[in-house]
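First the structure, in the form of structure tokens, and then the observations on it.
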Ligand SMILES: [Zn+2]
């Protein structure tokens with residue numbers, strides 16, 4: 047098995063990216079190959095009382111939590127196994143600090159499952175579209191990645207399920223009938239007790255946390271979480287640090303609005319960005335990511351305007367400025383195709 051395939055199977059998470067990079071490329075996460083050494087979940091201090099938790103190798107999901115006077119504010123609960131482990135870790139490391147709030151960034155199963163583990167002490171805050179998405183037919187609120195209910199029967203076959211949804215197919219198929227229903231995929235996802243539309247300020251335990259709707263990036267319920275006192279931003283599935291992004295027609299989102307939403311993040315007051323599937327970075331890294339998107343969009347648009355074919359554009363686009371990005375140069379043709387599809391559809 048190729049190393050990248052092994053990572054893909056292990057990750058169990060699906061994201062809007064083309065490349066599955068090695069753990070080393072991600073800055074030492076899980077330095078040994080995954081078939082030789084099991085991944086160990088890690089809790090790392092980001093700044094002050096804010097910590098990040100890395101759930102798996104490669105593009106395994108990342109979540110953060112803030113320890114306050116009154117208890118803990120946790121973002122994505124990820125999944126029941128992770129939540130059970132985290133609850134134990136928190137009880138040992140921060141005794142007497144129950145999880146008071148769970149902020150599920152969006153409805154995708156690789157982030158939102160497992161919240162019930164904290165239901166005895168926590169209030170759940172989510173975007174107003176989250177409960178709606180969990181109730182919609184699969185075609186209208188797809189699982190993460192490129193999975194789609196192609197025949198429209200509102201359930202997924204193994205062939206329709208892609209990437210992480212396929213890798214977790216048997217785990218999700220509770221009745222083992224060979225189909226995934228919406229209820230099976232979204233089992234263990236807790237609906238929010240409190241919802242908001244554009245912005246929500248959570249004040250608790252002597253600190254403040256800002257929940258900022260991402261304006262229909264990635265999913266229509268995704269929000270980013272800003273910790274103003276720590277000057278840290280926890281950014282959802284559309285922000286990548288030093289990595290070529292993104293796959294399948296840029297997540298079926300217009301590139302111009304994607305770029306605009308990165309610009310909106312740049313206006314926030316933060317030094318550190320923690321991303322939900324990848325390495326953390328600085329504001330300068332976020333700016334560089336936006337510049338890469340603009341550069342890619344400009345070059346592909348120029349090619350389209352000049353009447354060149356996709357194959358010609360793939361040969362002429364020059365992303366050498368981003369040669370330090372993970373995925374360069376192998377992923378360049380796929381990224382150009384994704385941008386081409388996004389710009390022409
Ligand atoms: Zn997602």
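In this note's numbering, the protein residues as written are 47 to 391. For every residue, glycine included, the Cβ atom is placed at its ideal position computed from N, Cα and C. Predicted model, so just to flag it, every value in this text is computed and none were measured.
- For the segment 116-146, the continuous alpha helix (DSSP H) assignments of 4+ residues that do not extend past its boundaries occur at 126-139, in sequence order.
- Taking all protein chains in view, the Cβ of residue 382 is crowded by 16 or more other Cβ atoms within 10 Å, so the residue is classified as buried.
- Put simply, the segment 256-263 does not touch the segment 350-367. Fewer than three CB pairs are less than 8 Å apart.
- Sequence-distant Cβ neighbours of residue 338 in its own chain, meaning closer than 6 Å and more than five residues away, are 368.
- Cβ contact annotation for residue 133 (same chain, cutoff 8 Å, sequence separation greater than five): 145, 163 and 164, in chain order.
- For residue 226, there is no enclosing alpha helix (DSSP H), since its DSSP letter is neither H nor E.
- Residues with their Cβ less than 5 Å from any non-hydrogen atom of ligand 1, running along the chain, are 154, 190 and 283.
- For residue 320, the beta-bridge partners assigned by DSSP are 280.
- For residue 388, the CB contacts under 7 Å within the same chain, skipping 5 residues up- and downstream, are 295, 296, 300 and 301 in chain order.
- Excluding five sequence positions before and after residue 385, the CB atoms of its chain that fall closer than 6 Å to its own CB belong to 342 and 346, given in chain order.
- Taking all protein chains in view, the Cβ of residue 377 is crowded by 16 or more other Cβ atoms within 10 Å, so the residue is classified as buried.
- The residues 97, in chain order, have a CB closer than 7 Å to that of residue 91 in the same chain once the five nearest residues on each side in sequence are set aside.
- For residue 340, the closest alpha carbon among the candidates 308, 324 and 143 is that of 308.
- Around the beta carbon of residue 375, fewer than 16 other beta carbons sit within 10 angstroms, so the residue counts as exposed.
- Looking at the DSSP output, residue 159 sits in a beta bridge with 235.
- The secondary-structure analysis by DSSP pairs residue 87 with nothing; it has no beta-bridge partner.
- Using a Cβ distance threshold of 7 Å, residue 195 and residue 185 count as a contacting pair.
- Residue 279 and residue 316 do touch by the CB rule: their CB atoms are close to 4 Å apart, below 8 Å.
- Secondary structure within the segment 328-377: the alpha helix (DSSP H) runs of 4 or more consecutive residues, fully enclosed, are 329-351 and 356-362 (chain order).
- Taken atom to atom, the span from the alpha-carbon of residue 166 to that of residue 147 is near 11 Å.
- The beta-carbon separation of residue 176 and residue 137, rounded to 28 Å, does not stay under the 8 Å limit for a contact.
- Put simply, of 217, 189 and 272 the residue whose alpha carbon is nearest the alpha carbon of residue 119 is 272.
- Here residue 161 is buried: its Cβ has 16 or more other Cβ atoms, across all protein chains shown, within 10 Å.
- If you draw a straight line from the Cα of residue 171 to the Cα of residue 135, it comes to about 23 Å.
- Residue 207 is not a Cβ neighbour of residue 156, given a cutoff of 7 Å.
- In the DSSP annotation of this structure, residue 182 is not part of any alpha helix (DSSP H), being labelled neither H nor E.
- Taking C-alpha positions only, residue 234 is separated from residue 159 by approximately 5 Å.
- Less than 7 Å divides the Cβ of residue 85 from the Cβ of residue 103.
- For residue 231, the closest alpha carbon among the candidates 153, 109 and 364 is that of 153.
- CA-CA distance, residue 329 to residue 270, rounds to 15 Å.
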